[in-house]
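**Q**
2 protein chains.
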Amino acid sequence: MDPVIILVEPQMGENIGMAARAMANFGVTDLRLVRPRDGWPSEKARNASGRADHVIEKTEVFETLEEAVADLEMLYATTARQRGMLKPVHHPVEAAQGMRHITNRGGKVGVLFGRERWGLNNEEIALSNVILTLPVDPDFSSLNIAQAVLIICYEWRMSGDEREAALPFSEPDLPRASKEDMVRLFEHLESALDETNFFRPPEKRSHMVQNLRNILQKGDWATQEVRTLRGVIASLQRYHERKQD
Amino acid sequence: MDPVIILVEPQMGENIGMAARAMANFGVTDLRLVRPRDGWPSEKARNASGRADHVIEKTEVFETLEEAVADLEMLYATTARQRGMLKPVHHPVEAAQGMRHITNRGGKVGVLFGRERWGLNNEEIALSNVILTLPVDPDFSSLNIAQAVLIICYEWRMSGDEREAALPFSEPDLPRASKEDMVRLFEHLESALDETNFFRPPEKRSHMVQNLRNILQKGDWATQEVRTLRGVIASLQRYHERKQD
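Protein chains in written order, with numbering that gives the first Met the number 0: chain E, 0 to 244; chain F, 0 to 244.
1. Which whole-angstrom value describes the C-beta separation of residue 221 of chain F and residue 85 of chain E, a residue pair presumed to lie in contact below a C-beta threshold of 8 Å?
2. Taking a cut of 8 Å between CB atoms, which residues from the segment 165-182 of chain E lie near chain F?
3. For a test of the three-state rule: what should DSSP assign to residue 76 of chain E, helix, strand or coil?
4. Go ahead and pull the three-state DSSP assignment for residue 118 of chain E.
5. Closest to residue 23 of chain F by C-alpha separation, out of F:31, F:42, F:51, would be which residue?
6. Spatial neighbours of residue 169 of chain F within its chain, please: CB distance less than 6 Å, with the 5 preceding and 5 following residues excluded, ordered by chain position.
7. Quick one: grab the DSSP three-state call for residue 199 of chain E.
8. Inspect the beta-carbon positions of residue 49 of chain F and residue 143 of chain E and report whether they are closer than 9 Å.
9. Measuring straight from C-alpha to C-alpha, what distance separates residue 157 of chain E and residue 10 of chain F?
10. Expressed to the nearest angstrom, what Euclidean distance is found between the alpha-carbon atoms of residue 56 of chain F and residue 47 of chain F?
11. Would you please state the rounded distance, in angstroms, between the beta carbons of residue 180 of chain E and residue 110 of chain E? I believe it to be under 8 Å.
12. Skipping 5 residues on each side, what residues in its chain have a beta carbon closer than 8 Å to that of residue 78 of chain F?
13. Quick check on the burial criterion: 16 or more other C-beta atoms within 10 angstroms. Buried or exposed for residue 58 of chain E?
14. What span of residues does the beta strand (DSSP E) with residue 59 of chain F cover, start to end?
15. If you count every other CB in all the chains shown that lies within 10 Å of the CB of residue 122 of chain F, and 16 or more means buried, which is it?
16. Specify whether the segment 185-193 of chain F and the segment 206-219 of chain F touch according to this definition: at least 3 beta carbon pairs, one from each stretch, less than 8 Å apart.
17. Using the three-state DSSP reduction, which class does residue 30 of chain F fall into: helix, strand or coil?
18. Could one say the Cβ of residue 51 of chain F lies closer than 9 Å to chain E's Cβ atoms, at least one of them?
19. If contact means a Cβ-Cβ distance below 7 Å, which residues of the segment 152-163 of chain F contact chain E?
20. Spatial neighbours of residue 94 of chain E within its chain, please: C-beta separation below 6 Å, excluding the five flanking residues on both sides.
21. Does chain F have any CB closer than 9 Å to the CB of residue 198 of chain E?
22. At the level of alpha carbons, what is the spacing between residue 198 of chain E and residue 204 of chain E?
23. I need the straight-line Cα distance from residue 162 of chain F to residue 89 of chain E, nearest angstrom please.
24. Can you give me the start and stop residues for the alpha helix (DSSP H) that residue 12 of chain F sits inside?
25. Could you work out which residues of chain E lie near residue 112 of chain F, taking near to mean beta carbons separated by less than 7 Å?
26. Candidates E:81, E:66, E:103, E:166: which alpha carbon is nearest residue 126 of chain E's?
27. Which chain F residues sit within Cβ distance under 8 Å of residue 30 of chain E?
28. Looking at the unbroken alpha helix (DSSP H) that takes in residue 185 of chain F, where does it start and where does it end?
29. Does the beta-carbon of residue 96 of chain E, which I'm using as the reference point, lie nearer than 8 Å to any heavy atom of the ligand SAH?
30. Give me the Cβ distance between residue 228 of chain F and residue 185 of chain F, rounded to the nearest whole Å; I'm assuming they're in contact under 8 Å.
31. Under DSSP, the alpha helix (DSSP H) around residue 211 of chain E begins and ends at which residues?
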């Protein structure tokens, strides 16, 4: 059970669509609208949703906020302004964890987002249990509703189990070069450099070799990458050989 | 020193503006563009930036990605797709922490974002040190560039010191009601309920009082709120008194 996202009197269809797109990216799909200004369904919303049709199609519309939240056990109100109400104020991380506690035992939670122009009124916030706000720069605090929805849904997903918070892909699981591969690479390069009299004066050779090996070691290469590098060295050697012809 | 945000061949001015707005909310202000399709400056970008003029005005434009990243020590490439390159793949949290390590000792880092339609090409990713991706739903992965910029800048701010990651406001610091206030409230309510014969049968009174006190205790009220509740009880008592007249 994911949280329900409730937009109160959203004005622009584009913002509803962008909110749906933000939700879908993080696996949240229950969207409710209270008196959307331009009605519903909305072509602008659908176009801005980035094909989040599964969210747009099951979006529910309500006449009052009370009806929209009737089945919820815990309601978070997002606001960028202090309201002088003695309600707990939560960070997105804290809020996501709090929501998980409730949904894990089968409870239903929602997050309220206000109008583009002026947010939620105090009566709407009074219906909520917790104030949810974002750690924005106090000198520039101007998130739009779809941006706020995005951060909350992202933190919701991050608060989930490992499977949910997992990245869609990870580093390719190529075998890392063995020490044997690396030593062969070192020796190949060193013998090539011996031929070109790179190590001068000779008494500095061992120190220079040590530096080179440290440099190459940092690469943390796969077997295939070491093979490529040996090809590079061989090719440069042939250049040198050709020059000698 | 904050990370530099680099948009490669952005197509829509609106997306550049929304990216600037996202950045400004989290205190990130260095934006670079590589060959923006519709040129620069862009009225559409400025209009979509939510008055992030300080970001828009110092945005720099480059002809090549190489020039745009020349002064950076570490470059992160955002991508939603596996690329078959043996580069580390970081989570936004991990990436933000990695960036802090570098900036804390004076290094400069950047994050690359690709074109709206098809992201970054492999050559551009090859210039980067780390692949940065988001834990999106594998069944619906469709973040636009401004949304991706928003999440990265949010995590950047979250990875900062306490002052940076702080919420712009917190719960009002009203004095919590003392136990004395609470006991007076309990006794006030109980004596009012005694008058209305609420506690019946009398042998259950102590158990009922205990329940009531547990219920009220949960409120975790401020002194002022307890005062309001005592006014409520007093008012209900007067109603009762009037009825008896």
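A virtual CB, placed ideally from N, CA and C, is assigned to each residue, including glycine.
**A** Result, derived from the coordinates:
1. About 5 Å; that satisfies the 8 Å criterion.
2. Under the 8 Å Cβ criterion, the segment 165-182 of chain E contributes 165, 166, 167, 168, 169, 170, 171, 173.
3. Strand, per DSSP.
4. DSSP, reduced to helix, strand and coil, places residue 118 of chain E within a strand of the structure shown.
5. Ranking F:31, F:42, F:51 by Cα distance to residue 23 of chain F puts F:51 first.
6. Once the five neighbours on either side are set aside, residue 169 of chain F has no close Cβ partner at all.
7. Residue state, collapsed to three classes: coil.
8. A contact, by the Cβ cut-off of 9 Å.
9. C-alpha of residue 157 of chain E to C-alpha of residue 10 of chain F: approximately 30 Å in a straight line.
10. As the crow flies, the alpha-carbon of residue 56 of chain F is around 14 Å from that of residue 47 of chain F.
11. Rounded, the Cβ-Cβ distance is 52 Å, inconsistent with contact.
12. Within the same chain, residue 78 of chain F has close Cβ partners 113, 118, 119, 124, 130, 131, 132.
13. Counting Cβ neighbours within 10 Å, residue 58 of chain E comes out buried, since at least 16 surround it.
14. 59-61 is the span of the beta strand (DSSP E), which, as asked, contains residue 59 of chain F.
15. Residue 122 of chain F is exposed by the Cβ-count criterion.
16. The count of Cβ pairs closer than 8 Å, one atom from the segment 185-193 of chain F and one from the segment 206-219 of chain F, reaches three, so the stretches are in contact.
17. It is a strand residue.
18. Between residue 51 of chain F and chain E, the shortest Cβ-Cβ separation is below 9 Å.
19. The residues in question are 153, 156, 157.
20. Excluding residues within five positions, the ones whose Cβ falls inside 6 Å are 75, 131.
21. Not closer than 9 Å to any Cβ of chain F, the Cβ of residue 198 of chain E fails to qualify, so no.
22. Between the alpha carbons of residue 198 of chain E and residue 204 of chain E lies a distance of about 5 Å.
23. Approximately 16 Å between the Cα atoms of the pair.
24. Here the alpha helix (DSSP H) through residue 12 of chain F covers 12-24.
25. The CB of residue 112 of chain F never comes closer than 7 Å to any CB in chain E; the least such distance is about 15 Å.
26. When each option's Cα is compared against that of residue 126 of chain E, the closest is E:66.
27. In chain order: nothing, as chain F lies at least about 14 Å away.
28. Per DSSP, residue 185 of chain F is one residue of the alpha helix (DSSP H) stretching across 178-194.
29. The model depicted lacks the ligand SAH and carries no ligand whatsoever.
30. The beta-carbon distance between residue 228 of chain F and residue 185 of chain F, rounded to whole angstroms, is 11 Å. This is too long to meet the 8 Å contact definition.
31. If you look at residue 211 of chain E, you'll find it in the alpha helix (DSSP H) that goes 204-216.
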